[in-house]
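Asker: Residue numbers (our numbering): 10 to 856.
Positions of the beta carbon are idealized from the N, C-alpha and C atoms, including for glycine.
Quick caveat: nothing in here was measured; it's all calculated off a predicted structure.
Take a look at the following structure, please.
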């Protein structure tokens with residue numbers, strides 16, 4: 010038995026020297042400034058308690074308060090006292106020491122046991138040392154240590170206690186250093202707490218210390234505390250004394266000292282490989298490390314999901330941002346990237362980031378689009394872009410990519426040629442594919458459910474699921490590419506001939522035969538409510554569409570009976586309301602066509618043919634999008650089954666696709682990334698929706714914390730938020746002026762003028778707040794919002810354009826709509842009375 014070990018002895022491990030002793034030995038051997046000393050081993054403790062161990066255990070179970078007397082009644086035997094006192098003498102004659110408990114269940118990952126056992130400072134002399142050692146041994150059985158072990162599930166008969174004896178640093182300053190921010194979990198920050206005197210006042214919480222944050226080796230922030238007391242040495246031990254008045258508010262460390270100390274912390278973290286909680290002391294300008302343990306309870310490290318940091322580009326959340334309104338889990342982002350690569354193959358332009366992930370939300374890079382349009386000399390393309398993604402504020406200077414015109418053309422032309430060939434090829438089979446897709450998707454989901462092993466599921470992905478997804482997404486590209494000019498130019502031509510109101514009326518009727526997929530959820534619920542179809546048929550035909558249809562961590566309506574019940578309960582008169590709206594719009598459409606025939610008799614037939622082509626293109630686009638979404642239900646089924654077969658559960662949503670496939674093939678190490686990803690997702694998901702337009706580097710967290718943030722535009726180039734189209738309004742505003750509240754403008758989404766009560770709704774889950782005849786005001790809508798439309802007198806959105814969901818559905822139902830206002834939800838209060846002019850694209854607050 011070795012009763013004593015030198016502090017730097019390689020044998021000083023957890024079992025022999027306890028957590029604190031093992032850590033100090035490791036630091037000492039690495040050459041870090043650790044005060045000299047020695048360790049009294051756990052063998053010495055066991056030898057001391059061998060004769061009364063059963064008494065200790067009985068007392069621990071019934072009367073812990075009697076245990077100190079059991080220890081005090083026994084002298085340290087000579088065979089233990091002799092090596093202890095010899096090691097003490099080697100430190101010097103009567104050297105003051107710190108005597109600290111070091112338990113075997115201490116400083117473990119997730120369990121620090123900090124402060125559960127006792128320590129004694131400024132111990133001098135052989136007798137005092139042996140008494141302090143005995144009291145440390147006894148403290149293994151104090152009530153708080155017993156209770157802590159019970160909570161942590163550590164058996165009492167498994168623990169033992171070592172004791173660390175070190176030269177006491179007569180510190181003029183001391184404190185604690187964390188190599189990661191213990192509150193936020195930020196691994197890039199070193200946080201130092203510092204106060205005068207010995208460190209006990211800081212560790213024990215008796216003082217408000219200085220707090221210094223070091224980043225990248227330099228002091229980034231410093232806050233001086235009001236240090237009222239300090240722990241100092243006395244002739245008989247230690248005591249707390251008032252800090253002299255002139256030092257209370259004086260900084261303990263200067264920047265150079267803080268940076269030196271942070272450097273020691275970095276060395277210690279590198280030694281352990283994890284963020285560390287370090288106690289330090291300073292004497293005459295020299296630092297000493299007196300303790301180091303892993304930080305317990307540290308929040309998971311956060312990742313940065315932010316493509317806006319790549320450069321000063323203009324990003325938009327329009328159009329696809331409506332379809333994907335949620336913060337995306339990593340697996341959804343993987344699927345969305347596959348979707349974009351196939352459905353928008355122009356996004357694969359070499360050297361360009363056409364799509365991006367900003368704080369977990371989907372954005373498109375308009376700088377690339379504008380640069381290409383400018384380079385190829387097709388400025389009229391920007392008009393079409395506006396119809397799809399929404400208008401830019403007047404005066405907004407679009408930053409272009411840093412490439413010459415000819416370099417852009419050189420990169421674009423091969424991609425453009427390839428897209429034309431692929432579209433021509435896919436158009437030939439598009440309608441057949443769309444017709445077969447529902448049955449094929451149902452078959453694939455059944456195949457997924459039947460897989461018995463992870464490897465079998467991975468093989469099914471490669472052989473059948475991925476090929477179907479790729480084809481489905483390519484068909485959406487083909488459907489969209491076949492009619493861009495038709496969609497834009499037909500509307501312009503009609504407006505020139507008959508004006509906005511009649512033009513919009515003449516372009517409705519796309520759903521006359523029930524073929525507009527954006528109306529599908531509404532149609533399906535209407536049939537279900539009327540008893541024309543059952544729930545199984547509703548799920549098969551319409552159950553893939555919903556408010557979160559791209560986010561695979563959310564259930565589809567077809568697998569969520571409670572969602573269906575809630576929709577039916579809130580829409581009892583759905584069929585009646587919908588049919589009335591469609592009939593009213595049919596009458597308006599026919600009257601508009603009659604007026605057109607009277608004023609342009611020779612153009613009536615050609616224009617009807619042109620509008621029929623327009624309607625066919627719209628239906629194809631909507632149908633192809635619907636089948637792509639149906640494919641996402643297959644992707645959800647695949648992901649959920651992967652979680653079931655691997656036992657990973659919903660952790661699979663926080664993996665990227667390549668990682669998920671690795672997991673299916675047996676690599677469970679990928680799951681180590683889940684806590685960080687989950688924490689990152691939760692941080693972003695807790696923030697409000699970001700601005701529709703973002704220019705340059707954007708920090709979602711800082712933006713959300715700004716009470717004067719704007720929902721329409723963030724421009725990093727401006728020193729303060731610019732106001733190109735509407736005034737800046739706080740998110741929790743004071744009462745704005747009448748002038749400020751009168752100028753809400755956007756796209757004319759669907760014509761008509763309505764006055765009514767505004768109901769500002771954050772998400773479709775709150776749709777039951779919208780009462781019949783009220784005006785729906787929200788950030789954006791997608792298919793999942795469609796069941797609300799028959800109740801709405803009008804629709805107003807922050808985001809959107811003439812080809813957005815809100816515009817298409819509102820026109821079909823004849824509901825006035827103004828879309829793409831930028832920040833109507835921040836400027837219209839819930840319950841305000843407003844006037845919506847869907848022809849002029851204005852919203853006026855009446856009171």
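Which same chain residues, not among the five before or five after residue 352, have their C-beta less than 8 Å away from its C-beta?
Answerer: 482, 483, 485, 486, 489 and 637
Asker: Tell me which same chain residues have a C-beta within less than 7 Å of the C-beta of residue 870, skipping the five on either side of it?
Answerer: This structure cannot settle anything about residue 870, because the visible part of the chain is limited to 10 through 856.
Asker: Since residue 754 sits in a beta bridge, which residues does DSSP pair it with?
Answerer: Paired residues: 851.
Asker: Answer with buried or exposed for residue 289, where buried requires no fewer than 16 other C-beta atoms within 10 angstroms of its C-beta.
Answerer: buried
Asker: Count the other CB atoms within 10 Å of the CB of residue 735; is the residue buried (16 or more) or exposed (fewer)?
Answerer: Here the model assigns residue 735 a pLDDT of 34, short of 50, so the residue's position is not dependable, and the following value carries that caveat. Buried, because 16 or more other Cβ atoms sit within 10 Å of the Cβ of residue 735.
Asker: In angstroms, rounded to a whole number, what distance separates the CA positions of residue 145 and residue 200?
Answerer: 30 Å
Asker: When you compare the region 358 to 373 with the region 698 to 715, are there three or more beta-carbon pairs, one atom per stretch, that lie closer than 8 Å?
Answerer: yes
Asker: Nearest to residue 456 by alpha carbon, out of 643, 134, 425 and 132?
Answerer: 643
Asker: Would DSSP call residue 328 helix, strand or coil?
Answerer: The answer is coil: DSSP assigns residue 328 none of H, G, I, E or B.
Asker: From 518, 849 and 792, pick the residue whose C-alpha is nearest to that of residue 622; which is it?
Answerer: 518
Asker: What residue from 65, 70, 90 and 89 has the CA that sits closest to residue 78's CA?
Answerer: With distances taken between Cα atoms, residue 78 lies closest to 65.
Asker: Please report the straight-line C-alpha distance between residue 768 and residue 842, rounded to a whole angstrom.
Answerer: Near 9 Å, if we compare the C-alpha coordinates of residue 842 and residue 768.
Asker: Alpha carbon to alpha carbon, how far is residue 414 from residue 756?
Answerer: 32 Å
Asker: When the Cβ atoms of the region 320 to 327 are set against those of the region 374 to 381, are three or more pairs found closer than 8 Å?
Answerer: yes
Asker: In this structure, how does DSSP classify residue 117 when only helix, strand and coil are distinguished?
Answerer: In this prediction, residue 117 scores a pLDDT of 45, lower than 50, which makes its location untrustworthy; no coordinate-derived value is stated.
Asker: Would you identify the three-state DSSP class for residue 285, choosing helix, strand or coil?
Answerer: strand
Asker: Classify residue 319: buried if its beta carbon has 16 or more other beta carbons within 10 angstroms, exposed otherwise.
Answerer: exposed
Asker: Quick one: Cα of residue 286 to Cα of residue 137, how far?
Answerer: 30 Å
Asker: Alpha carbon to alpha carbon, what distance is there between residue 828 and residue 809?
Answerer: 5 Å
Asker: Go through its chain and collect everything with a Cβ distance to residue 783's Cβ below 8 Å, but skip five positions before and after it.
Answerer: 765, 766, 767, 768, 800, 801 and 802
Asker: Helix or strand or just coil, what does DSSP make of residue 460?
Answerer: coil
Asker: Between the beta-carbon of residue 8 and the beta-carbon of residue 575, is there less than 9 Å?
Answerer: This structure does not reach residue 8, given that the chain is present from 10 up to 856, and the question cannot be answered.
Asker: Using the C-alpha atoms, what's the distance from residue 615 back to residue 609?
Answerer: 11 Å
Asker: What is the DSSP secondary structure of residue 4, reduced to helix, strand or coil?
Answerer: Residue coverage of the chain in this structure runs from 10 to 856, which leaves residue 4 outside it and unanswerable.
Asker: Is there contact here, the region 93 to 105 with the region 143 to 161, by at least three beta-carbon pairs under 8 Å?
Answerer: no
Asker: For residue 233 versus residue 219, is the C-beta spacing smaller than 9 Å?
Answerer: yes
Asker: Could you tell me the alpha carbon to alpha carbon distance between residue 301 and residue 33, rounded to whole angstroms?
Answerer: 7 Å
Asker: Check whether the Cβ atoms of residue 104 and residue 142 lie closer than 9 Å to each other.
Answerer: With contacts defined as CB atoms closer than 9 Å, residue 104 and residue 142 fail to qualify as a contacting pair.
Asker: Pick out whichever of 758, 295 and 723 has its Cα sitting closest to the Cα of residue 708.
Answerer: 723
Asker: Report the three-state DSSP secondary structure of residue 559 (helix, strand or coil).
Answerer: coil
Asker: Assess, as a yes-or-no matter, whether the region 467 to 475 is touched by the region 417 to 435 under the definition of 3 or more beta carbon pairs within less than 8 Å.
Answerer: no
Asker: Report the option in 129, 51 and 177 whose CA atom is closest to the CA atom of residue 44.
Answerer: 177
Asker: Can you tell me the Cβ-Cβ gap for residue 823 and residue 454, rounded? I've got them flagged as a contact below 8 Å.
Answerer: Not quite, the Cβ-Cβ distance comes to about 37 Å (not below 8 Å), so this is no contact.
Asker: Among the candidates 420, 853 and 305, whose CA atom is the shortest distance from the CA of residue 385?
Answerer: 420
Asker: Which first and last residues belong to the alpha helix (DSSP H) in which residue 39 is found?
Answerer: Boundaries for residue 39: no alpha helix (DSSP H) harbours it, and the DSSP string shows neither H nor E there.
Asker: Just the Cα atoms here: how many angstroms apart are residue 279 and residue 815?
Answerer: 55 Å
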